[in-house]
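As structure tokens, the structure follows; a few thoughts come after it.
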């Protein structure tokens with residue numbers, strides 16, 4: 046009979062049979078044992094302790110939970126779906142469980158919690174252990190909270206960035222100039238990346254864009270691009286796309302670029318915590334790992350954006366440039382208006398439709414999104430030596446207008462696996478102005494929340510479609526925005542939230 050055995054480093058313990066419970070714990074691996082299991086009694090194992098689970102050559106860290114009742118036999122060990130898939134086992138396959146070795150970096154974690162700075166070695170140990178799966182979500186949350194309560198200083202930010210780069214792979218594109226673009230976020234919509242890649246690659250420059258999925262927003266670039274073409278590609282396939290077309294827009298999560306950052310982002314999403322040092326380390330570790338040499342960075346500034354003041358933008362810009370210089374990267378930073386969403390769509394498919402409208406030169410294409418994309422692409426065209434300083438914006442606009450950007454975008458989509466059509470939500474509800482007046486404020490954070498309640502980004506067709514912008518004059522009953530959803534329940538949740546938060550779109554009455 047196949048068995049699952051719990052053992053210490055020195056001795057084998059009571060055999061247990063493996064059982065797949067199909068419990069989804071997101072990314073955290075969990076193993077379940079009966080509270081009266083001989084293993085728990087013999088080893089003194091309580092709930093939420095960490096153990097090492099091994100199957101053949103595969104080994105993972107998991108959190109142990111105890112259960113009571115007859116769901117499990119005393120000779121069974123249940124595994125969460127995450128643990129099961131990582132180990133690639135079948136019911137009854139032989140698996141061993143042992144106590145983990147002490148995690149030495151926990152002492153560094155405790156020092157940071159108590160307000161002490163960490164040096165290169167200590168931060169390297171913490172990040173190595175996070176990347177190796179030795180930290181539970183509780184430990185990661187403690188580290189993130191400690192780095193927010195006492196924000197990382199410049200030296201810690203440099204050390205954290207380097208440690209995060211060192212945990213993953215570094216790509217080499219065989220070019221002395223590899224362009225990239227990033228936005229620090231905080232604005233719904235603002236899906237400039239696919240446009241920038243198409244414009245820049247159309248001029249023969251190399252711009253392999255590895256993008257993220259949504260962290261706290263209704264859509265990440267990878268979520269939006271996935272409604273237009275496949276984005277989850279192996280590195281070999283990505284190289285083929287870039288060699289053929291000069292650019293790509295793919296999901297970077299499967300490429301092991303700064304894997305510690307991917308793990309921390311998952312916990313950060315739940316905590317809704319962020320600080321400049323961690324943001325810089327997150328952004329630049331991915332850029333260094335992706336092989337970028339020249340970067341344009343967009344910092345939207347506004348009262349409900351991620352960066353809320355000029356002073357905050359000054360600090361972030363200084364840290365970002367200092368750390369980028371350490372890695373030999375040339376960076377140009379642009380600040381933009383962060384007072385309202387960019388484009389009309391908020392949510393993967395709705396944002397994709399904005400992109401298609403712009404690329405196809407539709408007369409009603411969102412001008413604000415066009416302007417931002419061309420401004421950023423223009424900087425990269427100048428950095429890439431295609432035009433003299435100050436002439437990049439005009440060339441970017443020309444590339445959109447004459448169809449070169451569209452042709453390059455379609456070619457990139459085909460190279461990534463074929464163009465798709467964005468899905469359409471079956472349910473829609475329009476919110477209208479309760480009185481005549483002028484749009485005086487738009488709350489980015491509440492608007493993003495509304496789109497997420499509608500189902501974005503998990504449901505690609507869900508989100509919010511904007512019909513007004515700041516300073517627009519509206520009549521009573523005029524549409525302000527439309528909620529798109531795939532389910533009646535999510536639509537009702539979104540409508541209830543909108544009713545309770547009328548300041549999502551504020552109207553100053555005449």
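Numbering (our numbering), first residue to last: 46 to 555. Even for Gly, the Cβ is constructed at its ideal location relative to N, Cα and C. The model shown is predicted, which means the values in this text are computed figures rather than measured ones.
At least 3 beta-carbon pairs within less than 8 Å: the region 219-229 vs the region 455-462: no
Bridge-paired residues (DSSP) for residue 157: In the DSSP output, where bridge partners are listed per residue, residue 157 has none listed.
Beta-carbon spacing of residue 283, residue 293 below 9 Å: yes
Residue burial classification, residue 453 (beta-carbon count within 10 angstroms, cutoff 16): buried
Inter-residue CB distance, residue 65 and residue 136 (contact presumed, cutoff 8 Å): 6 Å
Range covered by the beta strand (DSSP E) that runs through residue 296: 292-296
Exposure label - residue 600; buried when at least 16 CB within 10 Å: Nothing in the structure corresponds to residue 600, since the chain is present only between 46 and 555.
Beta-carbon separation (whole angstroms), residue 150 vs residue 70, contact threshold 8 Å: Not really, about 23 Å apart at Cβ, beyond 8 Å.
Cβ contact check for the region 432-443 and the region 490-497: 3 or more pairs under 8 Å: no
contact_flag[the region 391-404, the region 199-212] where n(CB pairs < 8 Å) is 3 or more: no
Residues near residue 546 in its chain [Cβ-Cβ closer than 6 Å; skip 5 each side]: 491
Proximity to residue 97 [Cα-Cα], best of 364, 79, 133, 143: 143
Classification of residue 77 by the beta-carbon crowding that lies within 10 angstroms, buried from 16 upward: buried
Nearest neighbour of residue 510, chosen from 379, 226, 296, 398 [CA to CA]: 398
Alpha helix (DSSP H) segments (min. 4 residues) lying fully within the region 426-485: 437-446, 449-461
Span separating the alpha-carbon of residue 140 from that of residue 74: 15 Å
Residues that residue 227 bridges to, as DSSP identifies them: 342
Residue 58 (DSSP reduced to helix, strand or coil): Any reading at residue 58 is ruled out, since the residue's pLDDT is 49, under 50, leaving its predicted position unreliable.
Min CB distance residue 203 to chain C below 9 Å: Among the chains of the structure shown, chain C does not appear; only one protein chain is present.
CB of residue 297 within 9 Å of CB of residue 262, strictly: no
3 or more residues per run - each beta strand (DSSP E) lying fully within the region 139-221: 140-143
Assigned exposure category for residue 72 - 16 Cβ within 10 Å defines buried: exposed
Pairwise C-alpha distance: residue 260 and residue 314: 6 Å
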